[in-house]
Amino acid sequence: MEDLLTIEQQSQEIVKLNLAMLAGSILNIGIHFNMTHIPVNLAQKITTMNCIRCIFLVLSILQISCRGYQKELSKKEAYYEVDVDTLEDRGVGLISSYFKSVKPIILETSENNLLKSIDAIQVTSDCIFILDRGYKKLHCFDKAGRFIRQIGHLGNGPGEFNNISDFTLDENNKLIFILDNYTSKIHVYKFTGEHIFSINIHNTMDGVFGHIQYSNNHLFTDYQPNKISTKGAAPLLMKIDINSGKLLDEYLSSEIYNLGFQLITFKNNSYFYSKNSHSPYYAPIYSNIVFSIENNITPYFQIKSSRLLKKDDLETFDLSFSGIIADINNLNKIKSIWNFLEIGDYIICEYSDWYKLNTIVFSKTNKSANLYGGFFDDYVYKVFEGSIPHYMACSDTKGMYAHMNINDIPLFIDYYNSGKIKFDFNQFQIDITEDLSEDSNPLLFYYELRE
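In our numbering, the protein residues as written are 898 to 1348.
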């Protein structure tokens, strides 16, 4: 499992936001009730008890309006639930058990598209978009791995960004939204790479944003307040107007749905999931629930276990300290939903259990689940021992995309040259594979689901 980076660690270059006055004014807002200010004629018409009831009603309304993110969810259960305590660990699963074929995609490598990291992958009918936070670039390849273009560039000019923390696609309108969390801006491009316009997020909440997701003509981002409060709650999710950048709504209390944890963290992919094949979903880092964000914010998939991380487990932790994640990882608990893919009838959910990742494969039709300690690609490699792990990235309606770690390219070349690769490359792929070097971009893999 790769280390998480908090937004504080990633954003040391950020110029301090000039919102101190706004924050101060918000903190100084008070609500005061003085019974002597009730008009005499009104006091004569209502009893003291009715006065008290009116005051409590006003207080309730004010509390709801100030903390809208605490009211949007009912107590109903998720649409799908899996109790992992009832599942037998099947060990390492075989890719061939669920997928009927694999297609390696050898990414073109040049000075213009060299990757330092693969942090997110999204696909369309024609293109593969790859986010590289290391080089602060978003690349576009075709389905055969040929490089097409880079989307946007670093800089301070129109359509340029200081940082790229995440991106999302509107495939119907062929639009790309890039989130610059250094400047709280969203830059909008066509699939052709043409910059259309940029949106300034109206950051009235005095905080920062890490990831972004398009859904139904709105944008959603996760949120972290600039000043972490260990005694209060913060919304985890924001809805943003796609044209004006105004914050339209806020959802999911950190106290209720994230064990009080308010820091934004970064990992491979995002905390928004299943972006290409189904409705988008969101899962906070320390939540056992995946939420649908298509229409209303509703629980969709839930992991249950007696070993789930609970708020009581974190009582002695300083949740405002960015280094706390390493301490939480030391707990022998089920902590985080790490990945979530929806492919046809199947849900594939990876979650962290102490220092390891487990994988649930859930059939929506049969309401049945299997538990694995990982998967072995028996299409690509001859034996499991020493095989190179492939990381699940995203899915479409028929299958799943995965990638290898960039640092594993030399090992893959060695395996290929020594005959440890099982997959039968065609002549074109053989020619490309034999030209691979230690500096080459990593391979992607597309797995087609069994019918």
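Where a beta carbon is used, it is the ideal one built from N, C-alpha and C, also for glycine.
Taking a contact as a CB-CB distance under 8 Å, the pair Val-1020 and Asp-1293 counts as one, their CB atoms being some 6 Å apart. For Asn-1314, there is no enclosing beta strand (DSSP E); the residue is part of the alpha helix (DSSP H) that begins and ends at 1306–1314.
The distance from the Cβ of Phe-1163 to that of Leu-1116 is about 19 Å, inconsistent with a contact at the 8 Å cut-off. With respect to the C-alpha of Glu-1147, the residue from Lys-997, Ile-1182, Phe-1106, Leu-1156 having the closest C-alpha is Phe-1106. Taking 4 residues as the shortest admissible run, the region 1064–1106 contains no complete alpha helix (DSSP H) segment at all. Judged by beta-carbon spacing, Lys-1261 lies beyond the 7 Å limit of Lys-1319, meaning their Cβ atoms are not closer than that value. Shown here for Phe-1214: same chain residues with a beta carbon closer than 8 Å to its own, the five before and five after excluded, namely Ile-1221, Asp-1224, Ile-1225 in chain order. Per DSSP, Gln-1121 lies in no alpha helix (DSSP H); the unbroken beta strand (DSSP E) holding it starts and ends at 1115–1122. Per the C-alpha coordinates, the member of Ser-1141, Asp-1103, Tyr-1086, Asp-1067 positioned closest to Asn-1097 is Ser-1141. Counted as a single uninterrupted DSSP element, the alpha helix (DSSP H) harbouring Gln-1326 occupies residues 1324–1331.
Listed in chain order, the non-local C-beta contacts of Ile-1240 below 7 Å within the same chain comprise Ser-1174, Ser-1292, Gly-1296, Met-1297, Leu-1346, local neighbours out to five positions each way being set aside. Judged by DSSP in its simplified three-state form, Asn-1166 adopts coil rather than helix or strand.
Following the DSSP letters along the chain, one finds Asn-1267 inside the beta strand (DSSP E) bounded by residues 1265–1269. In the three-state DSSP reduction, Ile-1061 falls in the coil class, being neither helix nor strand.
For Tyr-1154, the secondary structure class from DSSP, reduced to helix, strand or coil, is helix. According to the DSSP assignment, Ala-1290 belongs to the beta strand (DSSP E) that extends over 1287–1292.
At the C-beta level, Thr-1330 and Phe-1342 stay beyond 7 Å of one another. Around the CB of Ser-1189, 16 or more other CB atoms lie within 10 Å, so the residue is classed as buried.
Residues Lys-1279 of the same chain have their beta carbon placed closer than 6 Å to that of Lys-1317, with the five preceding and five following residues left out of the count. When Lys-997, Leu-1011, Glu-985, Gly-990 are compared, the shortest CA-CA separation from Leu-1340 is found for Leu-1011. Contact between Leu-1238 and Met-1289 holds, with the beta-carbon distance rounding to 6 Å and staying under 8 Å. Taking a cut-off of 8 Å on C-beta distances, the region 1177–1194 does not touch the region 1305–1312, as fewer than three cross pairs fall below it.
One thing to note: Asp-980 has its Cβ no nearer than 7 Å to the Cβ of Leu-1268.
Straight through space, the alpha carbons of Asp-1242 and Ser-1202 are spaced by roughly 24 Å. DSSP places Ile-1200 in the uninterrupted beta strand (DSSP E) bounded by 1195–1201. Between the alpha carbons of Val-999 and Ser-1014 lies a distance of about 23 Å.
Nearest to Phe-1169 by alpha-carbon distance, out of Lys-1207, Arg-1204, Trp-1235, is Trp-1235. Nearest neighbour of Thr-1118 by Cα position, chosen from Leu-1133, Ser-1126, Thr-1006, turns out to be Leu-1133. DSSP links Pro-1132 through a beta bridge to Ser-1150.
Beyond the five residues adjoining it in sequence on each side, Ile-1025 comes within less than 6 Å, by CB distance, of Phe-1038 in the same chain, given in chain order. Counting along the chain, Ile-1303 sits inside no alpha helix (DSSP H), nor does DSSP assign it H or E at all. Beta-carbon to beta-carbon, Gly-990 and Phe-1272 are separated by about 5 Å, close enough to satisfy the 8 Å threshold. The beta carbon of Leu-1145 sits closer than 6 Å to the beta carbons of Lys-1136, Asp-1138 from its chain, once the five residues preceding and following it are set aside; these are given in chain order. It is roughly 36 Å from the alpha-carbon of Lys-1264 to the alpha-carbon of Leu-1072. In the structure shown, the three-state DSSP call for Ala-1223 is helix.
Across the structure, Lys-1253 and Asn-1166 are spaced so that their CA atoms are roughly 18 Å apart.
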